[in-house]
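Residue numbers (full-length UniProt numbering): 1 to 667.
Heads up, the thing below is written out as structure tokens.
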Amino acid sequence: MPYTEIITQSPGPLLAASSSQATSTESTAIRSPAPLLSGRSSSNPDAAPSILARRRSGVVNNLATLSSSILPAFGVLIGGNDLDLKKFIIAPHDRRLWQLFLVVLVIYSAWASPFELAFHKVAIGSLWPVDLMVDGFFAIDIVLTFFVAYLDKSTYLLIDDHKKIAVRYMTKFWLPLDVASTLPFPLIYRVLTGKTKTSAVFGFLNLLRFWRLRRVGKLFARLEKDTRFSYFWTRYVKLICVTLFIVHSVGCFQFWMATQYYDKEKTWIGAELGKFEERSIWICYKYSLYWTITTLTTVGYGDLHPQNTIEKIFSIFFMLFNIGFNAYVIGNMTNLIVHSHYRTFAMRDAINKILRFASSNRLPENLKEQMIAHMHLQHRTQEMQQDEVFQYLPKAIRSSIGQHLFTTTVKDGCYLFKEVSEDLIVQLITEMRAEYFPPKVDIIIQNEIPTDFYIIVSGEMDLLTYKDGTEQVLSKLGPSEMAGEIGVIFNIPQPFTLRSKRLSQVIRISHQHFKQIMQQHADDGARVFSNFIEHLKILQAEILEQITFVTELLGDHLNDLPRRNISRGKASSVARYGNDKVKGVPVNPTTSRALMRLVIHGHHPDELNTTESNKPGKLIHLPGSMEELLQLAEKKFNKARSKIRMSDGSEVEELNALRENDHLFYC
């Protein structure tokens with residue numbers, strides 16, 4: 001089945017199934033040699049190549065999570081089967097829940113490590129069993145890491161070789177740091193010596209658990225790319241977490257320094273509480289957080305302040321750190337807020353530029369209002385602007401979206417494309433663009449060059465003409481009606497002005513694209529031309545009066561169409577309508593010449609600088625025979641001659657030799 005038939009028969013499901021059907025189609029058509037696909041070692045050359053996939057099931061459950069998927073190299077087969085990994089090897093994405101569970105444990109470690117440094121009693125008390133259990137889970141993760149396949153960044157191949165996995169894990173210094181942050185040093189000391197010691201050394205060794213915080217950073221990095229979550233709130237939560245971590249850690253460290261000073265009453269907390277070591281842990285912790293927050297926010301009420309030299313030095317460095325940290329937080333928050341209102345700022349700037357331009361050039365008030373209304377509408381419909389979305393999508397998806405949105409309007413509602421083939425509809429819709437127009441905006445201006453024609457999807461518009469310097473409303477256009485097609489088809493200046501009456505959505509196609517597509521569909525060109533003639537016959541008399549050129553040119557067609565049987569095979573030249581800028585298109589004897597235009601002069605081609613030769617030629621429609629051409633020339637120039645010559649002096653004997661826009665000489 002041809003590709004175009006697949007699209008036209010199922011426009012809607014094609015888009016919905018693009019993530020699965022398109023992938024399976026490509027995977028059956030593109031295969032690479034086995035050595036390029038395999039991530040195995042050379043010791044096993046006969047093993048089947050690995051098939052890259054995001055999950056074992058081969059199904060991407062949510063397209064928003066593709067940012068974290070494995071990207072295969074070009075030519076690599078992506079299948080829907082299970083990963084063909086070695087025995088006891090785990091795919092990277094198969095342990096997402098385990099990684100999320102470890103992140104929860106990391107949050108606990110980030111809180112407990114500084115807390116146990118400051119309040120060492122809890123390190124060998126209530127928190128000790130919890131610490132051992134958490135360290136046990138991270139020890140299990142170290143072992144599992146030796147069985148997790150990884151993605152080679154140079155080849156984007158999934159490596160499942162045990163040796164390569166182990167070498168990579170150990171050579172990047174991840175293993176020593178993971179082991180150091182997991183070892184329970186107080187327990188080891190107790191086993192070796194049989195004593196329980198609460199030295200500050202163990203408290204600082206516990207701070208090695210901060211190495212685990214990289215897992216939280218990776219989680220936030222993944223959430224920022226996941227479109228299912230708000231980027232603003234993800235960054236906001238991240239900033240809050242960083243702030244709370246700094247407040248907690250600095251507060252605990254400040255309290256630890258107070259406990260280590262020889263004169264407890266000459267410390268920042270001792271001066272306030274006296275014998276603070278005898279007070280409750282949570283009261284001391286509350287004071288520590290209070291001191292840190294007042295310093296971090298540069299409030300400094302003065303009730304708690306450094307009392308000795310060590311605390312003053314620490315406060316100096318902490319306040320210097322606060323300068324950078326506050327700049328980081330304020331900068332991020334400012335960027336998030338500005339980014340969320342970026343389009344509003346851009347619209348305001350654009351409107352201010354429009355007002356300055358209109359004022360400096362003294363534009364009329366109604367034109368200035370149209371410009372401002374257009375900018376407001378563009379801002380309101382930003383997410384619905386087709387070009388904003390389509391620029392990132394491949395042509396097949398754009399075509400599917402266009403069919404889903406516009407097929408009913410173009411095929412069933414638009415008179416020009418009734419009874420045409422599905423192929424033509426698909427190609428036209430692919431090149432169409434949707435636009436919105438506010439009320440009282442001129443979409444087409446009378447006598448302008450025809451560049452596009454429009455199909456109204458929703459809204460209402462007025463068809464206007466200017467007569468004796470005043471505007472006259474000829475007709476009102478609604479959904480599924482067309483405007484601008486007369487100027488495009490005949491390549492003449494637009495005969496009417498089109499103005500929106502209320503908020504309207506239209507789809508447009510350019511003159512050039514329409515002409516190129518119609519040239520490939522001769523049979524459909526006959527049907528389009530027939531529909532166009534039928535439409536002209538039912539137009540109001542006021543409209544026909546404004547397009548006298550068209551009615552004169554197609555007078556015979558307008559009168560004889562009901563009695564003529566225009567077969568699809570006899571009108572292929574309709575596909576070449578308006579091709580006045582492209583010469584060299586032959587006229588076939590069996591081709592309709594309804595739109596063939598020529599320029600005829602009333603003198604011999606060799607006559608120069610005479611009264612007759614200085615007159616401009618007359619644009620005519622090529623008749624059906626040489627006799628009719630001579631009669632038409634006699635009527636135009638009011639004189640009888642017997643020959644038609646070309647510009648080089650050669651005599652015209654057959655109409656088949658003529659080309660679009662040829663210059664003829666009646667002599």
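For each residue, glycine too, the CB sits at the ideal point set by N, CA and C.
query: Leaving out five residues before and five after Arg-502 in sequence, what residues of the same chain have Cβ atoms less than 8 Å from its Cβ?; result: Pro-439, Gly-459, Glu-460
query: To the nearest angstrom, how far is the alpha carbon of Ser-625 from that of Gln-403?; result: 44 Å
query: Taking three-plus beta-carbon pairs below 8 Å as touching, is the segment 270 to 278 in contact with the segment 132 to 143?; result: no
query: Out of Leu-416, Val-426, Gly-469, point me to the one whose CA is closest to Phe-453's CA.; result: Leu-416
query: Taking the CB atoms as reference points, tell me whether residue 674 and Ile-444 lie closer together than 8 Å.; result: The first residue shown for the chain is 1 and the last is 667, placing residue 674 beyond what the model contains.
query: What are the boundary residues of the beta strand (DSSP E) that includes Thr-497?; result: 497 to 500
query: Per the contact definition of three or more C-beta pairs closer than 8 Å, is the segment 256 to 264 in contact with the segment 306 to 324?; result: yes
query: Buried or exposed: His-339, going by 16 or more other Cβ atoms within 10 Å of its Cβ?; result: exposed
query: Among Ile-313, Thr-297, Ala-640, which residue has its Cα nearest to the Cα of Ile-330?; result: Thr-297
query: Can you grab the Cα-Cα spacing for the pair Phe-220 / Val-420, in whole Å?; result: 53 Å
query: For a test of the three-state rule: what should DSSP assign to Gln-546, helix, strand or coil?; result: coil
query: According to DSSP, simplified to helix, strand and coil, what is Ser-642?; result: coil
query: Per DSSP, Val-599 forms a beta bridge with which residues?; result: Leu-619, His-663
query: Only counting the same chain, and skipping five residues up and downstream in sequence, which positions put a Cβ closer than 6 Å to that of Ser-249?; result: Pro-114
query: Which word fits Arg-228, buried or exposed, when buried means at least 16 other C-beta atoms lie within 10 angstroms of its C-beta?; result: exposed
query: According to DSSP, is Thr-470 part of a helix, a strand, or is it coil?; result: strand
query: For Asn-335, count the other beta carbons within 10 Å of its own beta carbon; 16 or more makes it buried, fewer makes it exposed. Which is it?; result: exposed
query: Please report the distance separating the alpha-carbon of Leu-630 from that of Lys-411.; result: 42 Å
query: Hey, Ile-397 and Pro-450 are a contact pair by Cβ (cut 8 Å); roughly how many whole angstroms apart?; result: With 8 Å as the limit, Ile-397 and Pro-450 do not qualify as a contact, their Cβ atoms being about 30 Å apart.
query: Please tell me whether Arg-499 and Leu-464 are closer than 8 Å, where the distance is taken between their beta carbons.; result: yes
query: Only counting the same chain, and skipping five residues up and downstream in sequence, which positions put a Cβ closer than 8 Å to that of residue 670?; result: Any question about residue 670 goes unanswered here, given that the chain covers just 1 to 667.
query: Using only alpha-carbon positions, find the residue among Lys-643, Asn-206, His-513 that is nearest to Glu-628.; result: Lys-643
query: Go to Phe-115, then tell me how far its alpha helix (DSSP H) extends in each direction, as first and last residue.; result: 96 to 118
query: Report the start-end ranges of each alpha helix (DSSP H) in the segment 278 to 305 that is 4 residues or longer and not cut off at the edges.; result: 281 to 296
query: Would DSSP call Ser-359 helix, strand or coil?; result: helix
query: Suppose you measure from the CA of Asp-226 to the CA of Trp-268; what does that come to, to the nearest Å?; result: 45 Å
query: Apart from the five residues on each side of it in sequence, which residues of its chain come closer than 8 Å, Cβ to Cβ, to Ala-640?; result: Glu-634
query: At what residues does the alpha helix (DSSP H) containing Val-338 begin and finish?; result: 309 to 340
query: In three-state DSSP terms, what is Lys-153?; result: coil
query: Less than 8 Å between the beta carbons of Pro-184 and Ala-149, yes or no?; result: no
query: In the DSSP assignment, find the beta strand (DSSP E) that holds Ile-444 and state where it starts and stops.; result: 442 to 444
query: Count the other C-beta atoms from every protein chain shown that fall within 10 angstroms of the C-beta of Arg-212, then say buried if there are 16 or more, exposed otherwise.; result: buried
query: Short of 8 Å in beta carbon distance, which residues of its chain neighbour Met-482, apart from the five on each side in sequence? Order them along the chain.; result: Cys-414, Tyr-415, Leu-416, Phe-453, Tyr-454, Ile-455, Ile-456
query: By DSSP, does Tyr-189 sit in helix, in strand, or in coil?; result: helix
query: Could you spell out where the beta strand (DSSP E) holding Gln-454 opens and where it closes?; result: First, the amino acid is wrong: residue 454 is Tyr here, not Gln. It spans 452 to 458 - the beta strand (DSSP E) in which Tyr-454 sits, taken as one unbroken run.
query: Under a three-way DSSP split, which group does Val-420 fall into?; result: coil
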